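In UniProt numbering, the protein residues as written are 1 to 329. Even for Gly, the Cβ is constructed at its ideal location relative to N, Cα and C. These numbers come from a predicted model, not from an experiment. All remarks here apply to the structure that follows.
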Amino acid sequence: MILIFLWHFILVFLILWLLKYVILLLILFDDKTNIGWIILKTLRKTNNYDPTNTDLRNLTRNFYLTMPNKETVAVWHTLPNSISDEMRKHKTKLNSSAFELALSNNTNHKVFIYCHGVLGYRGNTKSVELINFMGDRDAHSFAIDYRGFADTTGEFSEVKCYEDLKFVYKYVHKFAPNRIGLWGHGMGAAIAAKVAAELSEEGIPPTSVVLESPFTNFLDAVLELPLISSSRLITPYLKKFLQYFPQVTNKMATDRLFTQIGCLIVLLHSKDDSIYPYYMSQQLYLLARENEMTCRLYLFDESFGLGHFNIIKTPDMKHIYNTIVATDT
């Protein structure tokens, strides 16, 4: 009886052990059905697209930009404190022209486009906190949802994420050239880095790119998932094997394009980040140092308890923000 029980236990353990690697391979290789993406999508809650139903403090416009293929990208544009207060005081009619005029006429105000992570969207708590932070610094902020997220139309793909951010950037650039920064969190950091590199090559780089809790590349990020990283003895061999598959190693490979970014880079990482370990920011910083790039690394001690999502809450962020805008001006 005991032997039968042990046999069943071992069998279940082996099935579960194999299952996690099946899931890993689906996430890494399945680009057609995006099964890995569907699994992640079920974990996200995206049900609040109306900025008036959030904790946003400043006037915000919800709008949609139409791509050449007629798919739409959902965007929030939130005004700086001073402009928002002024428009409320004068009871300005809040239409697209008023927001675009506020963006183009007030050239002293910084602009940041925020790229959320894989479990985020423009209306979640993380996004709202960062938008409010920008407003308190008297900056414009744009928060976007890539295709496959929230009410943006179209299906998700890595390339489409880059296209969506670049499309929004060029829209904003028409009204506010030479004062746009990119801010990406998690997966959004990989998107921001890639687009910053492409825009640098096109001669219209952002003034800065802030990478909050970034990963070095998609493969490293997946191998650090708690489900996978528990098998530390196998992971190095698995990674070495997967290096032979460029469709895997080239996915969201920030470390491969990092040196192409032609603007100030700021890396923010908490040492207690349980999603993407802080060594990933350290590796990116070393790349910058080796190539004499303008890059700053800010690591936050575990004692602050910031984890993956709460770096924006540290009082140090006010000083860090001031150094960013002072450097990229």
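- For C161, the enclosing alpha helix (DSSP H) stretches over residues 158-175.
- Take the alpha-carbon of V248 and the one of T92: they are about 51 Å apart.
- Within the same chain, Cβ atoms closer than 7 Å to the Cβ of D50 are found at N62, the five residues on either side in sequence being excluded.
- Per the C-alpha coordinates, the member of H308, M134, I312 positioned closest to L79 is M134.
- Residue nearest to T254 within the set L165, E302, A193, L101 is A193 (criterion: CA-CA distance).
- Listed as beta-bridge partners of H185 by DSSP are E212.
- Pairing G186 with E129, the inter-Cα distance amounts to about 16 Å.
- The continuous beta strand (DSSP E) containing R296 extends over residues 295-300.
- Assignment of A74 by DSSP, reduced to helix, strand and coil, places it in the strand class.
- DSSP, reduced to helix, strand and coil, places V118 outside both helices and strands of the structure shown, so it counts as coil.
- In summary, T323 is exposed, with fewer than 16 beta-carbon neighbours lying within 10 Å of its beta-carbon over all protein chains present.
- Within the same chain, Cβ atoms closer than 6 Å to the Cβ of A98 are found at T92, the five residues on either side in sequence being excluded.
- The beta carbon of D220 is closer than 7 Å to those of M280 in its chain, skipping five residues each way along the sequence.
- In the structure shown, the three-state DSSP call for I113 is strand.
- In the structure shown, T60 adopts extended strand secondary structure according to DSSP, grouped into three states.
- The alpha-carbon of S303 is positioned some 19 Å away from that of Q282.
- Per DSSP, S274 lies in no beta strand (DSSP E) segment and is marked neither H nor E.
- DSSP places T125 within a helical segment (H, G or I) once states are collapsed to three.
- For S303, no beta strand (DSSP E) encloses it, and the DSSP letter there is neither H nor E.
- Ranked by how close their Cα comes to the Cα of C115, the residues R88, E86, N81, A74 have A74 in first place.
- The straight-line gap separating the alpha-carbon atoms of I311 and T72 is approximately 31 Å.
- Cβ atoms of F167 and L103 stay farther apart than 8 Å, at about 16 Å.
- Counting other Cβ atoms within 10 Å of its Cβ, T125 stays below 16 and is therefore classed as exposed.
- Less than 7 Å divides the Cβ of S200 from the Cβ of I261.
- Annotation for F142: the continuous beta strand (DSSP E) segment containing it runs 140-145.
- L264 is bridged by DSSP to S208.
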